[in-house]
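Q:
Numbering (full-length UniProt numbering), first residue to last: 1 to 381.
#1: Does the count of Cβ pairs from the region 35–53 and the region 209–220 closer than 8 Å reach three?
#2: Identify, in the order they occur along the chain, each residue of the same chain with its Cβ nearer than 8 Å to the Cβ of residue 377, setting aside the five sequence neighbours on each side.
#3: Does the region 294–305 come into contact with the region 254–267, if we say contact requires no fewer than three beta-carbon pairs (one atom in each stretch) closer than 8 Å?
#4: Which ranges would you report for the alpha helix (DSSP H) in the region 80–113 if only whole runs of at least 4 residues count?
#5: Measuring CB to CB, does residue 273 end up less than 8 Å from residue 279?
#6: Going by C-alpha to C-alpha distance, which of 168, 375, 138 sits closest to residue 275?
#7: What did DSSP end up calling residue 175 once you bin it into helix, strand or coil?
#8: Counting only the same chain and skipping the five closest in sequence on each side, list residues whose C-beta sits under 6 Å from that of residue 232.
#9: List in chain order: all unbroken beta strand (DSSP E) runs of 3+ residues lying wholly within the region 299–370.
#10: Along the chain, where does the alpha helix (DSSP H) that runs through residue 133 open and close?
#11: Could you have a look at residue 216 and say whether DSSP puts it in helix, strand or coil?
#12: Output the boundary residues of the beta strand (DSSP E) element that contains residue 283.
#13: So, are the CB atoms of residue 105 and residue 84 less than 8 Å apart?
#14: For a minimum of 4 consecutive residues, which ranges assigned as the alpha helix (DSSP H) are wholly contained in the region 201–273?
#15: Among 296, 223, 214, 162, which residue has its Cα nearest to the Cα of residue 245?
#16: So is residue 140 in contact with chain C if we call contact Cβ pairs under 8 Å?
#17: For the beta strand (DSSP E) containing residue 382, list its first residue and its last residue.
#18: Using 8 Å for Cβ pairs, my map puts residue 331 next to residue 319. What's the rounded Cβ distance?
#19: Since residue 55 and residue 237 should fall inside the 8 Å C-beta cutoff, what is the C-beta to C-beta distance between them, to a whole number of angstroms?
#20: Would you call residue 263 buried or exposed, if buried means 16 or more other Cβ atoms sit within 10 Å of its Cβ?
#21: Considering only the alpha carbon of each residue, which of 80, 120, 291 lies closest to residue 242?
#22: Exposed or buried, which one is residue 227 when buried takes at least 16 other CB atoms within 10 Å?
#23: Kindly indicate which three-state DSSP category residue 150 falls into: helix, strand or coil?
#24: Please look up how many angstroms separate the CB atoms of residue 60 and residue 31, rounded, as I've assumed it's under 8 Å.
#25: Please list the terminal residues of the continuous beta strand (DSSP E) segment that includes residue 125.
#26: For residue 387, count the other beta carbons within 10 Å of its own beta carbon; 16 or more makes it buried, fewer makes it exposed. Which is it?
#27: Would a C-beta distance cut-off of 8 Å place residue 371 and residue 328 closer than the cut-off?
#28: Indicate the three-state DSSP secondary structure (helix, strand or coil) for residue 144 in the structure shown.
#29: Can you tell me where the alpha helix (DSSP H) with residue 31 in it begins and where it stops?
#30: Please determine, among 292, 129, 359, the residue with the shortest C-alpha to C-alpha distance to residue 314.
#31: Check for me: the alpha helix (DSSP H) holding residue 184 runs from which residue to which?
#32: Just how far apart, CA to CA, sit residue 171 and residue 194?
#33: Which partner residues does residue 163 have in the DSSP bridge list?
#34: Can you give me the Cβ contacts of residue 353 inside the same chain, cut-off strictly under 7 Å, excluding the 5 residues immediately before and after it?
Have a look at this one:
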C-alpha cells in the first residue's frame, strides 16, 4: 500500500518503521486492534467503510502491509498467516510447464512443497549453487519463470550476489524472489538490487519474540502478478490474524535496535567458535576470510544474528554439544530475544540435506560473554 502522506524516500528505515501512516487512530499514539470479522456495507455490497470482510483484509493487516512495503522500498506488500503461506501463494501463480530455479541450500519445507505440488502442474524444479554465477547461467532456459534463493541461506548462510543474479535472470525473462528472513530490511534490501519480490517469515525477527506466526511478500511493482497474491490469499484463506498483524507492526518498530544487538552478539559468538579446536567450520557472513564475505559486506549492513557451525565428530559431536548447553535452548525457529540451537539434519526429517555435524544458532539478546561461556562449556564433551 502506498503512503498517504509524507515522503518515505527522505526518511531512514528505522523512522519509516515507526511513522508509516496506516489506519486512522483517532488521536491514539498506538494503533488499536480491530477484531471485527465483518463491516457494514450497502444493500448491493457497496464498500462504505474501506473494509468489508476479514478474509479480504482488515485494518491491522493493512497497517502492517504499509510498513513492510515502505521499509523494503516496494510498491505493495501482502501479509499471510505464515511464511509458508506467503511462499505458496507465489508458487501458485506459476504457469504450467515452466521451470523454477532454486539455490541448492534452501529451507527444507519449500523444497518439500515443490516436490509435492510441482509434478501435478508439470513444473520443473532445478537446484543450483547460485554462489557460482556460471552454474546459474547454464541452468537458465527460455521457460524459466522464477529464480528463488535465500541470502544468507538456511542453514549454511551462503551468500549470493543479488544484483548479479537479478541481471542474469531478467535477461532470460525470469523473475527473482529473495527470501530475506535472515537479513531483514534492516540489513539488506533486495528490491533495490533488482529483485522482483522479497519474502519474509514474520514469525522470526520481525515479530521478534517467538510468539506470533506470519509471512509476507513485498513486490517491487504493483502489477497483475502482485495483485494475484491477494486473490490467492482470499480464496485459500491464508489470512494473518488482526492480533498477529498488530504484534508484528509493534515488532517492526524495535527491529533496528534489536538487529544491532543480534549482529553484535553473533559476530562475537562466530569469532569465538572459529578459534575452537572442536569446531571444523563456522558459517557467518562477515567472518574474515569466509567465502562470500566481500559480497556480503557489499550488500548487507552487518552479518546478521544467525551462525551455523560444523562440529568435529559429525552427528555424534553435534548432538553431544547440543545436549550440554545450559543457557541456550534446543528449539527450532529463530529471531527471538532468546538464543536457540538446533541440529538441522534432525529437524529436516528422514532425508536431510544439511551436514550431520551442523548446528544452527539463532543468537539472541543475552550478554555475549554469557553465551560464549555456555558454548565453551558445551564444547568440552
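C-beta atoms are modelled at their ideal positions from N, C-alpha and C, and glycine is treated no differently.
A: In brief:
#1: As far as the Cβ criterion goes, the region 35–53 does not touch the region 209–220, which means the pair count is below three.
#2: Same-chain partners within the cutoff: 324, 326.
#3: Yes, since at least three Cβ pairs between the region 294–305 and the region 254–267 fall closer than 8 Å, the two stretches touch.
#4: Fully enclosed alpha helix (DSSP H) runs of 4 or longer: 83–92.
#5: Their beta carbons are under 8 Å apart, which means residue 273 touches residue 279 by this criterion.
#6: Taking only the C-alpha atoms, the option nearest residue 275 is 375.
#7: Reduced to three states, the DSSP call for residue 175 is strand.
#8: The residues are 89, 92.
#9: For the beta strand (DSSP E) assignment, the uninterrupted runs of no fewer than 3 residues enclosed by the region 299–370 are, from N- to C-terminal side, 306–311, 340–343, 358–362.
#10: Element bounds for residue 133: 133–139.
#11: DSSP places residue 216 in strand when its eight states are reduced to three.
#12: Boundaries of the beta strand (DSSP E) harbouring residue 283: 279–283, taken from the DSSP string.
#13: No. Outside cutoff.
#14: With a minimum length of 4 residues, the unbroken runs of alpha helix (DSSP H) contained wholly in the region 201–273 fall at 224–236, 242–253.
#15: Nearest C-alpha to residue 245: 214.
#16: Protein chains in the displayed structure number just one, and chain C is not present.
#17: Residue 382 lies beyond the residue range present for the chain, which begins at 1 and ends at 381; the question has no answer from this structure.
#18: The beta-carbon separation of residue 331 and residue 319, rounded to 15 Å, does not stay under the 8 Å limit for a contact.
#19: Contact flag correct, Cβ pair sits at about 6 Å.
#20: Buried, because 16 or more other Cβ atoms sit within 10 Å of the Cβ of residue 263.
#21: Looking at the Cα atoms, 80 is the closest of the given residues.
#22: With fewer than 16 other CB atoms across the displayed protein chains lying within 10 angstroms of its CB, residue 227 is exposed.
#23: Strand.
#24: That belief holds up - the Cβ atoms of residue 60 and residue 31 are roughly 7 Å apart, short of 8 Å.
#25: Counting along the chain, residue 125 sits inside the beta strand (DSSP E) bounded by residues 124–128.
#26: Shown here, the chain extends from 1 to 381; a query on residue 387 therefore has no answer.
#27: Taking the C-beta atoms as reference points, residue 328 is found nearer than 8 Å to residue 371.
#28: Collapsing the DSSP output to three states places residue 144 in a strand.
#29: Unbroken run through residue 31: none, as it is neither H nor E.
#30: Among 292, 129, 359, the Cα nearest to that of residue 314 is on 359.
#31: Note, residue 184: alpha helix (DSSP H), 184–187.
#32: So the alpha carbons of these two residues sit roughly 12 Å apart.
#33: DSSP output for residue 163 lists no bridge partner at all.
#34: By the criterion of a C-beta distance shorter than 7 Å, residue 353 is surrounded in its chain by 108, once the five residues flanking it on both sides are discounted.
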